[in-house]
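Asks:
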Amino acid sequence: MVRLIVQVFNRNPARAEPLREAGACVASSPAQAALGADVVFTMVADDTAHVAVTFGEQGIATTLKPGALHISMSTISVATAQDHAAKYREAGLGFVSAPVFGRPDAAAARKLFIMAAGAREHLEVAAPLLATLGQSVGIVGEDPSQANLVKLIGNFMLSVIIETLGEACAVAGKAGIDPMRLIELLTSANFNAPPYKIYGPMIASQQFQPPGFALPLGQKDNRLMRAAAEALGVPLPLASLVHDRFLTLRSQGLGAEHDWSAVALCALSDAGMSSALRGG
Numbered sequence: 294m295v296r297l298i299v300q301v302f303n304r305n306p307a308r309a310e311p312l313r314e315a316g317a318c319v320a321s322s323p324a325q326a327a328l329g330a331d332v333v334f335t336m337v338a339d340d341t342a343h344v345a346v347t348f349g350e351q352g353i354a355t356t357l358k359p360g361a362l363h364i365s366m367s368t369i370s371v372a373t374a375q376d377h378a379a380k381y382r383e384a385g386l387g388f389v390s391a392p393v394f395g396r397p398d399a400a401a402a403r404k405l406f407i408m409a410a411g412a413r414e415h416l417e418v419a420a421p422l423l424a425t426l427g428q429s430v431g432i433v434g435e436d437p438s439q440a441n442l443v444k445l446i447g448n449f450m451l452s453v454i455i456e457t458l459g460e461a462c463a464v465a466g467k468a469g470i471d472p473m474r475l476i477e478l479l480t481s482a483n484f485n486a487p488p489y490k491i492y493g494p495m496i497a498s499q500q501f502q503p504p505g506f507a508l509p510l511g512q513k514d515n516r517l518m519r520a521a522a523e524a525l526g527v528p529l530p531l532a533s534l535v536h537d538r539f540l541t542l543r544s545q546g547l548g549a550e551h552d553w554s555a556v557a558l559c560a561l562s563d564a565g566m567s568s569a570l571r572g573g
């Protein structure tokens, strides 16, 4: 019989307590959590946190045994993923990038869409494990950073949807059409897709709290997407527009307490449909 031991670490100790109650061993550092492990999963907010928990003084790379596999589910930059993949190859360790699409409720219901990339032998180990966490695992390629790029592209597309929803609700509202009714009509017709059904009602009702995906994280992903595109020599006019929207919101004091769909407030405010950015 194989005995499965789950060791966990969270930078906020209180968040690890439910896992302790479920039977996991709570470690005092990433290094301790990775000690003796065959597979280590990480999911953190940004590149800085990813570097710290991976190659920091108490990072998992300091204790991973030869042949162990790190599955990174964080949304990080293409450059950081490439750097880490190279370092792991040199150390004889496996690395798979597996960022996810899905808000907290989807994660709780194991309904995430997972994008995975890495060497074939590493994906053979990672894919069955990832399948227990989501409704699908999409294999992108053998370069781990490709999965990170796909995730950034997806979030870029979602941010543009949010902007268009804001503009659409502004036009409808100015014409005397209830924005909520607009969303109901459109999502029962050509726009019957999760992004429109999730973000449409939030934007129409201007309800951006509590956040499912915090505004600063959306801004971070926009920055990473533009950096990746610039490195490839690809202009992204719409990403630049959304970048300016994020700057407007942050200059007005909106932050982690707001969902990133608050980007739509800029279009609504421009049309006089919201007082949130006009001091009213």
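So for the sequence shown, the working numbering puts the first residue at 294; every next one is plus one. Cβ coordinates follow ideal geometry from the N, Cα and C atoms, glycine included.
With a threshold of 16 other CB atoms inside 10 Å of the CB of I454, please say whether the residue is buried or exposed.
Replies: In the sequence shown, counting from the first residue as 1, residue 454 sits at position 161. Buried.
Asks: Would you tell me roughly how many angstroms separate the C-alpha atoms of M294 and A409, rounded to the nearest one?
Replies: For this step, residue 294 is matched to residue 1 along the sequence shown. For this step, residue 409 is matched to residue 116 along the sequence shown. Because the pLDDT at M294 is just 43, under 50, the model does not fix this residue reliably, and the value given afterwards should be weighed accordingly. So the alpha carbons of these two residues sit roughly 30 Å apart.
Asks: Go to A497, then tell me how far its alpha helix (DSSP H) extends in each direction, as first and last residue.
Replies: Position 204 of the sequence shown holds residue 497. Note, A497: alpha helix (DSSP H), P487 to S498.
Asks: Using CA atoms only, rank isn't needed, just tell me which of A569, E477 and E550 is closest to C559.
Replies: Position 266 of the sequence shown, counted from the first residue, corresponds to residue 559. Checked all of A569, E477 and E550; the closest Cα to C559 is A569.
Asks: What residue ranges within the region 323-403 form continuous beta strand (DSSP E) runs of no fewer than 3 residues, ordered along the chain?
Replies: Fully enclosed beta strand (DSSP E) runs of 3 or longer: 332-335, 362-365 and 387-390.
Asks: Going by other Cβ atoms of all chains shown within 10 Å of its Cβ, with 16 needed for buried, is T425 buried or exposed?
Replies: Start at 1 with the first residue of the sequence shown, and residue 425 comes out as number 132. T425 should be labelled exposed.
Asks: Within 8 Å, do at least three Cβ pairs link the region 410-423 to the region 384-392?
Replies: With a cut-off of 8 Å, the region 410-423 and the region 384-392 count as touching, because enough Cβ pairs lie within range.
Asks: Determine the extent of the alpha helix (DSSP H) in which Q428 is found, giving its start and end residues.
Replies: Position 135 of the sequence shown, counting from 1, holds the residue named residue 428. Here Q428 belongs to no alpha helix (DSSP H); instead the beta strand (DSSP E) covers G427 to G434.
Asks: Quick one, are the C-beta atoms of L386 and T356 less than 8 Å apart?
Replies: The sequence position of residue 386 within the sequence shown is 93, counting from 1. The sequence position of residue 356 within the sequence shown is 63, counting from 1. Contact flag unset, no.
Asks: Could you pull out every residue in the same chain whose Cβ sits closer than 6 Å to the Cβ of H363, ignoring the five residues on either side in sequence?
Replies: Reading the sequence shown from its first residue, position 70 is the one you call residue 363. Once the five neighbours on either side are set aside, the close Cβ partners of H363 are V333 and F388.
Asks: Counting only the same chain and skipping the five closest in sequence on each side, list residues whose C-beta sits under 6 Å from that of H415.
Replies: The residue you call residue 415 lines up with position 122 of the sequence shown. Excluding residues within five positions, the ones whose Cβ falls inside 6 Å are L362, G387 and V389.
Asks: Quick one: residues in its chain with C-beta nearer than 6 Å to the C-beta of G431, no 5 flanking neighbours on either side, listed in chain order?
Replies: Here residue 431 corresponds to residue number 138 of the sequence shown, with the count starting at 1. For G431, where only same-chain residues beyond five positions count, the Cβ hits under 6 Å are M408.
Asks: My assumption, with CB atoms under 8 Å, is that D552 sits in contact with M473. Please give the rounded CB distance.
Replies: Locating residue 552 in the sequence shown gives position 259, counting from the first residue. Locating residue 473 in the sequence shown gives position 180, counting from the first residue. Actually they are not in contact, since the Cβ atoms of D552 and M473 sit about 17 Å apart, beyond 8 Å.
Asks: Evaluate contact between the region 369-378 and the region 333-353, counting only Cβ atoms and requiring at least three cross-stretch pairs below 8 Å.
Replies: The region 369-378 is in contact with the region 333-353.
Asks: Give a yes or no on whether the C-beta atoms belonging to E383 and A412 are separated by under 8 Å.
Replies: Locating residue 383 in the sequence shown gives position 90, counting from the first residue. Locating residue 412 in the sequence shown gives position 119, counting from the first residue. No, they are not a contact pair.
Asks: Where does V295 fall in DSSP's three states?
Replies: Here residue 295 is taken as the residue at index 2 of the sequence shown, counted from 1. Annotation note: pLDDT 46 at V295 (below 50); position unreliable, coordinate value reported separately. Residue state, collapsed to three classes: coil.
Asks: Please check the pair P437 and A378, which I expect to be a contact at CB under 8 Å, by giving their CB distance rounded to whole angstroms.
Replies: Taking the first residue of the sequence shown as 1, we reach residue 437 at position 144. Taking the first residue of the sequence shown as 1, we reach residue 378 at position 85. Going by Cβ atoms, the distance from P437 to A378 rounds to 5 Å, so yes, they are a contact pair.
Asks: Can you tell me whether P311 is buried or exposed, with buried defined as 16 or more other CB within 10 angstroms of its CB?
Replies: In the sequence shown, the residue the question calls residue 311 occupies position 18. Exposed, since its Cβ has fewer than 16 Cβ neighbours within 10 Å.
Asks: Mark G573 as exposed unless 16 or more other C-beta atoms lie within 10 angstroms of its C-beta, in which case mark it buried.
Replies: By one-based count along the sequence shown, residue 573 stands at place 280. Here the model assigns G573 a pLDDT of 45, short of 50, so the residue's position is not dependable, and the following value carries that caveat. Per the 10 Å Cβ criterion, exposed.
Asks: Enumerate in chain order the residues of its own chain whose CB-to-CB distance from P488 is below 7 Å, with the five nearest sequence positions on each side excluded.
Replies: Counted from its first residue, the sequence shown places residue 488 at position 195. These residues qualify, in order along the chain: L451 and I454.
Asks: Residue range of the beta strand (DSSP E) that F506 falls in?
Replies: What you label residue 506 is simply residue 213 of the sequence shown in a count that begins at 1. It is not in any beta strand (DSSP E) - F506 carries neither H nor E in the DSSP assignment.
Asks: So A324 and Q351 are in contact, right, with Cβ under 8 Å, and what is the actual spacing, rounded?
Replies: Position 31 of the sequence shown, counted from the start, is the residue given in the question as residue 324. Position 58 of the sequence shown, counted from the start, is the residue given in the question as residue 351. Confirmed, about 5 Å.
Asks: Taking DSSP's pairing of strands, which residues face V319 in a bridge?
Replies: If you number the sequence shown from 1, residue 319 lands on position 26. Bridge partners of V319: V301.
Asks: Within the same chain, show all residues whose beta-carbon is closer than 6 Å to that of A463, passing over the 5 residues directly before and after it, in chain order.
Replies: Your numbering for residue 463 matches position 170 in the sequence shown. A560, L561, A564 and M566, listed in sequence order.
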